[in-house]
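Quick note: this note's numbering has the sequence shown finishing at residue 1424, numbered continuously throughout. Built from N, CA and C at the ideal position, the CB exists for glycine as well.
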Amino acid sequence: MNVERIKEAYGALYEIETSLKDIIEDKMSTEHGPLWRRKLREEGKKHFHDVVSFYHKYQCLNDLFTSEELHQMHQLIAIRNKVCHMRDLSNDEFRVLLYYKEIFCTAKCNSNY
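Quick look at the structure:
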């Protein structure tokens, strides 16, 4: 097991998830006001797959990414599970994770979001 690579993968996942959550926070607050979080708590939505589902569920979010990018979010769930359960990633999975990090973390900085 390559501990340094697992650390880097976990850091990348953290950045991806927090970026996606920040975008949700901004768009949902703008669209629905500050009380939108009540619905989030009621539904118990706090896992990565829940974050991904928000981009399909709410109109103000599902136009932010292309259908390919939304598909990529779903692909990250399997990679995320491997990292969080301390299983090695293949070289391809690791490259994919770093590639997606660039896409989703850059989106957070993009003025369109």
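Verify whether the separation of the beta carbon atoms of I1321 and V1394 is less than 7 Å. What you label residue 1321 is simply residue 10 of the sequence shown in a count that begins at 1. What you label residue 1394 is simply residue 83 of the sequence shown in a count that begins at 1. The sequence shown places Tyr at residue 1321, rather than the Ile named in the question. Yes, the Cβ-Cβ distance between Y1321 and V1394 is below 7 Å.
Start-end ranges of the alpha helix (DSSP H) lying completely within the region 1370–1414, minimum 4 residues: 1370–1373, 1378–1395
Taking the continuous alpha helix (DSSP H) assigned at L1346, which residues delimit it? The residue given as residue 1346 occupies position 35 in the sequence shown. First-last for L1346: undefined, no H or E at that position.
S1422 (DSSP reduced to helix, strand or coil): Locating residue 1422 in the sequence shown gives position 111, where the first residue counts as 1. Any reading at S1422 is ruled out, since the residue's pLDDT is 43, under 50, leaving its predicted position unreliable.
Which residues bound the alpha helix (DSSP H) around K1357? On the sequence shown, position 46 is the one that residue 1357 refers to. Run containing K1357: none; DSSP gives neither H nor E here.
Outcome for V1362 when other beta-carbon atoms lying within 10 angstroms are tallied against a minimum of 16: Here residue 1362 is taken as the residue at index 51 of the sequence shown, counted from 1. Classification for V1362: buried.
Suppose you measure from the CA of I1335 to the CA of Y1325; what does that come to, to the nearest Å? Start at 1 with the first residue of the sequence shown, and residue 1335 comes out as number 24. Start at 1 with the first residue of the sequence shown, and residue 1325 comes out as number 14. So the alpha carbons of these two residues sit roughly 15 Å apart.
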